[in-house]
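Structure first, then comments.
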Amino acid sequence: MKNYIIYFLACFLFYTTANSQENSEPKSLYETLYLVPKPGMNKQFEAGVAAHNKKFHAPGKDNQAMLRRVEYGNKAGWYVWVMNGSYASLDSRPVDDAHSKDWEEQVGQYVEEYGTTDLWSLNKEMSSGMDQFRNKKRYETWAVYLKPWEGYRFDDSMKKLQKAFAKMSDRNMLVFESEVSRKGGPDVGLVWGYDKFADMENDSKLVDTYEEVHGKGSWRLFLEEWKDVVEDVDMEHRVKVGDM
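Every position in the sequence shown, counted from 1, becomes a number in my numbering once 25 is added.
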């Protein structure tokens, strides 16, 4: 049995390495860091992050960064600092003394507590409406925890869901996969962008569109598959802070 497991892992590593070599397009990575300001320091904290990002993580450059505030969820009141790049850009991220000094002066002095750091990759095949998403002000995020060894079934379900979202030109959905497996950590991140809370009351017609694409009764099958493969979901509502 032990030899079989070793053989399986060896084949798996060979497959993932070969597959990554065939795909020449680098992954779009997003590093997320939770942090909460000291009481009464929100404005100073937000201004400090904006100044630091402008200096070291400007838009359009490697390792560009943005800030989100959690409004609802287990971490309401926290912020999420998000840095976008690639594996290659992680090697060139600013880590010198000037960067560290600026972070401490502009941001660190206002931070009460640092939370978890995660690394995500955008799954473009399963996502829809990225251009539309960029213009949204608010975000509904789901951290999805999968049952062991059920990732392939979840991927199949998300590909079907993506086809429905692609048909709805006024909707968006981004799918992120965790690049670092950690005990108790999520496996997948789902994000939908919207502009105002009133949008949450508008019927997206998702069920009708899904069954139009996949056939009558297919939505019920999707929900049954979801229940079979998903262990738990941690939801948040976030708002954009600043221009990015």
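By construction, the Cβ of each residue, glycine as well, lies at the ideal position given by its N, Cα and C atoms.
- Pro62 and Val136 do touch by the CB rule: their CB atoms are close to 6 Å apart, below 8 Å.
- Scanning its chain for C-beta atoms nearer than 6 Å, with the 5 sequence neighbours on each side dropped, one finds around Phe70 the residues Pro62 and Tyr135, in chain order.
- Of the candidates Val74, Glu138, Ala90 and Phe81, Ala90 places its Cα closest to the Cα of Thr57.
- Only residues of its own chain outside the window of five on either side were considered, and among them Leu60 have a CB closer than 6 Å to the CB of Tyr139, listed in chain order.
- One Cα belongs to Ser49, the other to His124, and the distance between them is close to 31 Å.
- Here Ala113 is exposed. Its C-beta has fewer than 16 other C-beta atoms within 10 Å.
- Ranked by how close their Cα comes to the Cα of Glu249, the residues Tyr219, Arg178, Phe201 and Lys188 have Arg178 in first place.
- In chain order, Thr234 and Val238 place their CB closer than 7 Å to the CB of Lys192, counting only its own chain and leaving out the 5 sequence neighbours on each side.
- Counting along the chain, the unbroken beta strand (DSSP E) around Gln89 starts and ends at Gln89 to Tyr97.
- Under the rule that a run must span 4 or more residues, the alpha helix (DSSP H) segments found entirely inside the stretch 199-263 read 231-239 and 243-254.
- A distance of 8 Å or more separates the beta carbons of Leu54 and Leu199.
- Shown here for Met66: same chain residues with a beta carbon closer than 7 Å to its own, the five before and five after excluded, namely Tyr135 in chain order.
- The distance from the Cβ of Pro119 to that of Phe81 is about 5 Å, consistent with a contact at the 8 Å cut-off.
- Taking C-beta separations shorter than 8 Å and ignoring five residues to either side along the sequence, the partners of Asn99 in its chain run Asp259 and Glu261, following chain order.
- Separation of Gly73 and Val132 (C-alpha to C-alpha, rounded to the nearest whole angstrom) is 5 Å.
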